[in-house]
Every structure is written in structure tokens, then in C-alpha cells.
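So in the numbering used here, the last spot in the sequence shown is 97, and the numbers never skip.
Virtual Cβ for every residue (Gly too), placed ideally from N, Cα, C.
What follows is a set of notes on a single structure, which appears directly below.
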Amino acid sequence: MFFPLSVSDMGLWLAATAIILLITSEWLYSSPEYSSRIAIDRQLLRMIAIGCGLGFAVTVIMRVASI
């Protein structure tokens, strides 16, 4: 199946994903009593969130460079 996603669509998806992951990461770091019961690698979660943010920045640079 073909999904016609533009650079703007991918940028919006990456931005939303990065925001959600960063909020979750900060929430887990701020509540150690709750995060000790969850088996999530907080450092990996933060790195993935930063990667999504960098992906969003790349899409913005691509849109600016094409103008």
C-alpha cells in the first residue's frame, strides 16, 4: 500500500513523537519511586526522543533549503 507522506507530514509526526517521548522521559526521571516499578531503559528512551527531535530538525532544514 502506498502512503503519500510529504516532508511536512514526516516532520509533524517526528515533532509529536519527540515531544511525547521527552515528556515521558522527564516524568520518569522526576518520579524515581514510580519509575523503579517500570522496566524501561530511561537513557534509551531519552536518546530515541533526541533522535526524533533531530529528525524533525532535518526535515525543517530540508524545507528551508528547498525554498
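Check                                                                                                                         : Outcome
Is the number of C-beta pairs between the stretch 59-70 and the stretch 82-97 that are closer than 8 angstroms three or more? : no
In the DSSP assignment, the alpha helix (DSSP H) including M77 goes from what residue to what residue?                        : R72 to S96
Please classify S55 as buried or exposed, where buried requires at least 16 neighbouring CB atoms within 10 angstroms.        : buried
Can you give me the C-alpha to C-alpha distance between I25 and A79, rounded to a whole angstrom?                             : No information on residue 25 is available, as it lies outside the stretch 31 to 97 that the chain covers here.
Specify the secondary structure class of A69 as computed by DSSP and reduced to three states.                                 : coil
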